[in-house]
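In my numbering, the protein residues as written are 3 to 148.
Here a beta-carbon is modelled for each residue, glycine too, at the ideal position from N, C-alpha and C.
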């Protein structure tokens with residue numbers, strides 16, 4: 003088990019591709035490992051390997067990931083997932099601006115999901131949408147130990 007990986011903690015990949023403008027690969031713990039459950043991380047920002055909102059099970063988390071403290075500005079111009087406030091739907095799009103102050107991102111449990119303490123405005127084809135950084139834990143049955 004990985005006792006160091008706690009629900010809501012944020013991590014960044016230690017890997018840095020050579021010759022590419024590196025964009026941090028950020029993840030949040032959406033399920034802690036236990037005797038019956040496997041460690042599950044949610045992808046915060048889309049990157050070369052995953053789209054925002056994807057759920058992954060890291061093979062070597064202690065080797066591949068480092069715990070980080072993220073500020074809201076770390077995700078500006080990144081593709082993220084928000085819970086849009088007017089339609090109450092998940093939207094994955096490019097973060098255009100922070101609504102409020104540039105503070106450290108923390109996550110709170112909402113049922114099986116995680117909601118951040120920061121709000122963003124994101125782009126869409128016809129208009130801009132606003133909402134909190136938000137990740138829903140779909141397909142959680144895939145992360146149960148047999």
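Cα-Cα separation, residue i to residue j
i           : j           : result
residue 104 : residue 28  : 17 Å
residue 123 : residue 83  : 11 Å
residue 7   : residue 67  : 10 Å
residue 10  : residue 109 : 5 Å
residue 65  : residue 13  : 12 Å
residue 127 : residue 81  : 14 Å
residue 117 : residue 147 : 26 Å
residue 76  : residue 106 : 10 Å
Assumed close pair residue i, residue j - CB separation to whole angstroms, cut-off 8 Å
i          : j          : result
residue 30 : residue 41 : No, residue 30 and residue 41 are not in contact; Cβ-Cβ is about 12 Å, not under 8 Å.
residue 52 : residue 92 : Not confirmed; about 16 Å, so no contact.
Residue i and residue j closer than 7 Å at C-beta
i           : j          : result
residue 45  : residue 54 : yes
residue 133 : residue 72 : no
Reference residue i, options the options, closest by Cα
i           : options          : result
residue 130 : 120, 138, 57, 94 : 94
residue 90  : 101, 138, 49, 26 : 138
residue 115 : 88, 56, 79       : 56
Which complete beta strand (DSSP E) runs does the segment 61-116 hold, if anything under 3 residues is left out? 67-69, 81-86, 92-101, 109-112
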